[in-house]
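Report on the structure given below.
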Ligand SMILES: NC(=O)c1ccc[n+]([C@@H]2O[C@H](COP(=O)([O-])OP(=O)(O)OC[C@H]3O[C@@H](n4cnc5c(N)ncnc54)[C@H](OP(=O)(O)O)[C@@H]3O)[C@@H](O)[C@H]2O)c1
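In the numbering used here, the protein residues as written are 160 to 490.
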């Protein structure tokens, strides 16, 4: 088979011929013919060898998730269109950026009609995280106000739409100027605040405050840094800020008086603490909304042959939308 193969840390993978993976010996595994695999920030992070999972052994095929058709495995899954996760880059083994990939049968999620492979691949774990943060970690209640940071990203776009679906009264988005701002608007944010280079936390907080309808109940934060520090100043009594990433910086600062006077909470979130059952159920919910045309995300498809360039663009933060690689079509 042909597969994107990573042979050095922090360098893009190259397409190479590799032996086909063996069909799983037990009914606990599936062999999937991959039709779509996204390049995500987690893939890039693992490839640098600096993630908290430790440096992966080289060479390996990256790709922590994908979609495709089950070639072999339990009878009831054979021939089905599925989404599947892998642990590539986090634990030994190969991932989804290949024509064939092995996954755990217990982890796969059958795709509903009405969602094409590329969209399902683009939504994947980022959409699961956005949905879980709002519905479970922050326990969003009907009529609350939500602030979504990094709203031009995949997590951010889904969070804007999910907040609406889950009953938010107002959704304000914060993101970098340009394509991200347009994506946040398209996702349905009531107001979009564009970041300014070098802006002080207090100044950004004031600009965001002007777009909000009073204090903020829930902040979805995939970025940390200045945007998150500004958002923390706007929390309502009982407000919850949930951090799930650090695209804008490794630290967010929160004033003690703000936290205690409002009994506010700053929480962390990771998909890795979800059980496979819970992850599958949440992805199922997301995909049902996608099939009903209530939820989508900007994405572009590229053939496997273009994976090195596409990877470098994502790593340099210049990709315009979630990149989904098509290993079996024209690669
Ligand atoms: N904890 C979890 O389980 C989990 C799950 C999924 C994702 N994540 C994390 O969440 C983050 C976003 O993931 P994603 O899938 O949405 O990625 P994505 O689609 O590639 O989006 C990139 C995100 O990073 C933001 N960003 C990049 N550079 C920035 C900068 N210099 N300043 C401010 N914002 C910047 C973008 O903000 P703009 O809107 O301004 O473009 C956008 O929100 C990543 O850090 C990812 O690792 C965590």
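C-beta: ideal position from N, C-alpha, C; glycine also. Being a predicted model, the structure only gives us computed values, none of them experimental.
Asked                                                                                                              : Found
Those runs of the alpha helix (DSSP H) which lie wholly inside the stretch 388–441 and span at least 4 residues    : 415–420
The stretch 184–195 in contact with the stretch 260–273 per 3-pair CB rule at 8 Å                                  : yes
Close Cβ partners of residue 303 (< 7 Å) along its chain, the five nearest in sequence each way excluded           : 327, 328, 376 and 377
Through-space distance from residue 290 to residue 361, alpha-carbon basis                                         : 29 Å
Buried/exposed call for residue 488, threshold 16 Cβ in 10 Å                                                       : Only weak support is given to the placement of residue 488: the predicted model assigns it a pLDDT of 46, under 50, and the question is left unresolved by the model.
Uninterrupted beta strand (DSSP E) stretches inside the stretch 232–311 (no shorter than 3 residues)               : 240–244, 259–263 and 304–308
Outcome for residue 213 when other beta-carbon atoms lying within 10 angstroms are tallied against a minimum of 16 : exposed
Residue 178 versus residue 434 - alpha carbon distance                                                             : 31 Å
beta-carbon residue 441 near ligand 1 non-hydrogen atom, thresh 8 Å                                                : no
Residue 334: CB within 8 Å of a non-hydrogen atom of ligand 1                                                      : yes
Proximity of residue 396 and residue 374 at Cβ, strictly below 9 Å                                                 : yes
Beta strand (DSSP E) segment containing residue 493, residue limits                                                : Absent from the model: residue 493. The displayed extent of the chain is 160 to 490, so no value can be given.
Among 363, 312 and 452, nearest to residue 405 - alpha-carbon criterion                                            : 312
Inter-residue spacing [alpha-carbon to alpha-carbon] between residue 443 and residue 345                           : 23 Å
Distance cut-off 8 Å: residue 311 Cβ against heavy atoms of ligand 1                                               : yes
Between the CA atoms of residue 287 and residue 441 - distance to the nearest angstrom                             : 6 Å
Residue closest to residue 383, alpha-carbon to alpha-carbon, out of 369, 342, 351 and 426                         : 426
Local Cβ density within 10 Å of residue 339, reported as buried at 16 or more and exposed below that               : buried
Endpoints, alpha helix (DSSP H) assigned at residue 207                                                            : 200–207
Backbone secondary structure at residue 479 - three-state DSSP                                                     : coil
Local conformation of residue 164 per DSSP, three classes                                                          : strand
Delimiting residues of the alpha helix (DSSP H) encompassing residue 368                                           : 360–370
Residue environment, residue 182, which counts as buried when at least 16 other CB atoms sit within 10 Å           : exposed
Meets three-Cβ-pair contact criterion under 8 Å: the stretch 226–235 and the stretch 205–212                       : no
Residue 495 beta carbon near ligand 1 (any heavy atom closer than 8 Å)                                             : Only positions 160 to 490 of the chain appear in the structure, and residue 495 is not among them; the question remains open.
Residue 343 Cβ short of 8 Å to ligand 1 heavy atom set                                                             : yes
Residue 490, buried or exposed, once every other Cβ within 10 Å from all chains shown has been counted against 16  : With a pLDDT of 37 at residue 490, under the threshold of 50, the modelled position of this residue cannot be trusted; read the value that follows with caution. Flag for residue 490 reads buried.
As assigned by DSSP and simplified to three states, the class of residue 373                                       : coil
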